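Numbering (our numbering), first residue to last: 325 to 533.
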């Protein structure tokens, strides 16, 4: 008899929890959005595990050689109501240049390339942001590399925003692309055998602070 009453109580409790109009046990996470106007305003920080700069350069005219800077950090301030007022600052550890070849990586640290001992860090600081479509913008700023500062602009594309399903932190993601001349920054090694024009592809996931 006691068993029967206990089972009935459990069934009744389950029915009550599942009854229409009952409060959900957990609030659903906000949906991901590809609409920039729905992005949360605020200060964001680059996720170092998902922030990379891929570079490519002509190698003797025979191929396009690719590598990455993997030590990248940065801060982003966003206001979807006024995207032109957004700001971005990035730091790049020049010693992290990786061409997937140990001999090349060691050479890239030398004075004829990045001169890492003297200039361990490169920076980019935005000066203005010009929206070019609902999901793209041109980011204008100053790149400082090997102690030389030059104006550089890159084209940014908004990917999406929302709560990251892995770490549960509100995130926003962008891709970017630009081209610079390495000779403008004193990186003249092996010119003109190695290309002067360097294409930079930027990938970044930023976490709301």
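Don't be surprised by glycine CBs; every beta carbon is placed ideally from N, CA and C.
None of the values given here were measured: they were computed from a predicted structure.
1. Under the three-state reduction of DSSP, which class applies to residue 417: helix, strand or coil?
2. Just the Cα atoms here: how many angstroms apart are residue 488 and residue 509?
3. If you run the structure through DSSP and keep just helix, strand and coil, what is residue 336?
4. Which residue from 465, 478 and 437 puts its Cα closest to that of residue 422?
5. For the 8 angstroms Cβ check, are there 3 or more pairs between the stretch 375-386 and the stretch 426-436?
6. Does the distance from the CB of residue 478 to the CB of residue 368 come in under 8 angstroms?
7. Would you mind giving the Cβ-Cβ distance between residue 503 and residue 523, rounded to the nearest angstrom? I have them listed as a contact below 8 angstroms.
8. Would you mind working out which of 377, 533 and 357 sits nearest residue 446, comparing C-alpha positions?
9. Secondary structure at residue 347, three-state DSSP: helix, strand or coil?
10. By how many angstroms is the C-alpha of residue 505 removed from the C-alpha of residue 521?
11. Which residue's Cα is closest to the Cα of residue 412: 497, 358, 420 and 465?
12. With a cut-off of 8 angstroms, do at least 3 Cβ pairs link the stretch 394-404 to the stretch 360-367?
13. Would you say residue 440 and residue 419 are within 8 angstroms of each other, going by their C-beta atoms?
14. Mind checking who residue 441 pairs with in its DSSP beta bridge?
15. What residue range is occupied by the uninterrupted alpha helix (DSSP H) comprising residue 429?
16. Starting from residue 410, follow the beta strand (DSSP E) in both directions and report where the run begins and ends.
17. Give the DSSP-derived three-state secondary structure of residue 360 in the structure shown.
18. Please go through the same chain and pick out, in chain order, the residues whose beta-carbon is closer than 8 angstroms to the beta-carbon of residue 514, but skip the five residues on each side of it.
19. Is residue 506 helix, strand or coil when you go by DSSP?
20. According to DSSP, what are the bridge partners of residue 374?
21. Could you tell me whether the Cβ atoms of residue 467 and residue 499 are closer together than 8 angstroms?
In brief:
1. strand
2. Each residue's alpha carbon lies about 37 angstroms from the other.
3. Its pLDDT being 36, under 50, residue 336 is placed unreliably by the model, and the measurement read from it follows with that caveat. Reduced to three states, the DSSP call for residue 336 is helix.
4. 437
5. Touching, no, given that fewer than three Cβ pairs across the two stretches are closer than 8 angstroms.
6. Judged by their CB atoms, residue 478 and residue 368 are not nearer to each other than the 8 angstroms cut-off.
7. 5 angstroms
8. It is 377.
9. Confidence at residue 347 is low in this model, with a pLDDT of 42, below 50, so its placement is unreliable and no value can be given for it.
10. 5 angstroms
11. 465
12. Yes, since at least three Cβ pairs between the stretch 394-404 and the stretch 360-367 fall closer than 8 angstroms, the two stretches touch.
13. yes
14. None; residue 441 has no bridge partner.
15. 426-432
16. First-last for residue 410: undefined, no H or E at that position.
17. Taken through DSSP and simplified to helix, strand or coil, residue 360 comes out as helix.
18. Closer than 8 angstroms at Cβ, skipping near neighbours: no residue.
19. helix
20. Within the DSSP secondary-structure output, residue 374 pairs in no beta bridge.
21. no
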